[in-house]
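A.B. asks: Below are the structure tokens for one structure; questions will follow.
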Amino acid sequence: MKTSILALFKENRLVTASVSALGATLCIWTLAAIDTGMDSPYVLIAPFGATMVLIFGVHRSPLAQPKNVIFGHLITATVGLIFINYLPVTSLTLGLAVGFGLFFMLLFDVTHPPAGGNPLLIMLGAHTSWTFLLHPILIGTLAIVALAVLYHRLIPGHIYPYSEKKE
């Protein structure tokens, strides 16, 4: 019986898509509910929507692992804050900020593609406060990872965080 349930989760595209979509829905719903209950600070930003695709859609990807999610977002948000606080927002500085964010994610081996949007969000949204690193970035990513760990434990055959060594 257990083998047939595992096979259903691994081999059925409809089940896989449904399980992934439900996880993303529950996670974003939770973050949005937290935001609704607070005047400020907020914990939901647009790049977290793209993070859902990795964490719930391809949770085994190295790009979806907790260190990548948390540190990828922290690094690129830091880059965005440095740029907006010390340089004018121009087409060049927008490009440079995204490029530097990618450079540092690759350098520190914490690449997380959705985090590449953080410098743009920060610079175009005129977010200049360094508390942006605490909320939404740190609190949001920690909440996302915690919710993903809990959710994936409920799904037969899912391991998150994932490591090649665990199989």
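The numbers in the sequence shown follow our numbering, run straight up by one, and end at 154.
Ideal Cβ positions, reconstructed from N, Cα and C, are used throughout, including at glycine.
Please give the ranges of any alpha helix (DSSP H) in the segment 24 to 66, keeping only runs that are unbroken, at least 4 residues long and fully inside the region.
C.D. replies: The segment 24 to 66 contains these whole alpha helix (DSSP H) runs: 34 to 39.
A.B. asks: When the Cβ atoms of the segment 84 to 104 are set against those of the segment 130 to 139, are three or more pairs found closer than 8 angstroms?
C.D. replies: Short answer: they don't touch.
A.B. asks: Considering Leu125, what are the terminal residues of the alpha helix (DSSP H) in which it resides?
C.D. replies: If you number the sequence shown from 1, residue 125 lands on position 138. Careful: Leu125 lies outside any alpha helix (DSSP H) and carries neither H nor E.
A.B. asks: Contact defined as beta carbons within less than 8 angstroms: I believe Ile142 pairs with Ile42. What is the distance between those atoms, to the nearest angstrom?
C.D. replies: Within the sequence shown, the letter at position 155 stands for residue 142. Within the sequence shown, the letter at position 55 stands for residue 42. 12 angstroms between Cβ atoms; not a contact.
A.B. asks: Go to Ile146, then tell me how far its alpha helix (DSSP H) extends in each direction, as first and last residue.
C.D. replies: Indexing the sequence shown from 1 puts residue 146 at position 159. Ile146 -> no alpha helix (DSSP H), and no H or E assigned at all.
A.B. asks: Would you say Thr38 and Val56 are within 9 angstroms of each other, going by their C-beta atoms?
C.D. replies: Taking the first residue of the sequence shown as position 1, residue 38 is located at position 51. Taking the first residue of the sequence shown as position 1, residue 56 is located at position 69. It is a contact, given that the beta carbons lie within the stated cut-off.
A.B. asks: Between the alpha carbons of Ile69 and Leu79, how many angstroms are there, rounded?
C.D. replies: If you number the sequence shown from 1, residue 69 lands on position 82. If you number the sequence shown from 1, residue 79 lands on position 92. If you take the alpha carbons of Ile69 and Leu79, they lie about 15 angstroms apart.
A.B. asks: Pull up the distance between the alpha-carbon of Ile21 and that of Tyr29, whole angstroms please.
C.D. replies: On the sequence shown, position 34 is the one that residue 21 refers to. On the sequence shown, position 42 is the one that residue 29 refers to. Computed Cα separation, rounded: 8 angstroms.
A.B. asks: Identify whether Pro100 lies in helix, strand or coil by the three-state DSSP scheme.
C.D. replies: One-based indexing of the sequence shown puts residue 100 at position 113. Helix, per DSSP.
A.B. asks: Leaving aside the five residues before and after Thr98 along the sequence, list all residues of the same chain whose C-beta is less than 7 angstroms from its C-beta, in chain order.
C.D. replies: The residue you call residue 98 lines up with position 111 of the sequence shown. Same-chain partners within the cutoff: Leu50, Asn55, Gly59 and Met92.
A.B. asks: On the DSSP letters alone, give me the boundaries of the alpha helix (DSSP H) that Ala84 sits inside.
C.D. replies: Against the sequence shown, residue 84 aligns to sequence position 97. Note, Ala84: alpha helix (DSSP H), Ser78 to Leu94.
A.B. asks: In chain order, what residues of the same chain have a beta carbon less than 7 angstroms from the beta carbon of Ile126, not counting five sequence neighbours either side?
C.D. replies: Translated into positions along the sequence shown, residue 126 becomes position 139. For Ile126, where only same-chain residues beyond five positions count, the Cβ hits under 7 angstroms are Val30.
A.B. asks: Please report the residue range of the alpha helix (DSSP H) in which Leu108 lies.
C.D. replies: For the purposes of this step, residue 108 is taken as residue 121 along the sequence shown, with counting starting at 1. Run containing Leu108: Asn105 to Leu111, per the alpha helix (DSSP H) assignment.
A.B. asks: What number of angstroms, rounded off, separates the C-alpha of Leu120 from the C-alpha of Ala64?
C.D. replies: Position 133 of the sequence shown, counting from 1, holds the residue named residue 120. Position 77 of the sequence shown, counting from 1, holds the residue named residue 64. Their Cα atoms are separated by approximately 7 angstroms.
A.B. asks: Kindly give me the distance between the Cβ atoms of Leu94 and Pro34, rounded to whole angstroms, as I take these residues to be in contact under 8 angstroms.
C.D. replies: Indexing the sequence shown from 1 puts residue 94 at position 107. Indexing the sequence shown from 1 puts residue 34 at position 47. 20 angstroms between Cβ atoms; not a contact.
A.B. asks: Is it true that the CB of Tyr149 sits closer than 9 angstroms to the CB of Arg47?
C.D. replies: Start at 1 with the first residue of the sequence shown, and residue 47 comes out as number 60. Start at 1 with the first residue of the sequence shown, and residue 149 comes out as number 162. Cβ distance < 9 angstroms, so Arg47 and Tyr149 count as in contact.
A.B. asks: Does the separation of the CB atoms of Gly103 and Val85 fall below 9 angstroms?
C.D. replies: Residue 103 sits at position 116 when you count from the first residue of the sequence shown. Residue 85 sits at position 98 when you count from the first residue of the sequence shown. Yes, the Cβ-Cβ distance between Gly103 and Val85 is below 9 angstroms.
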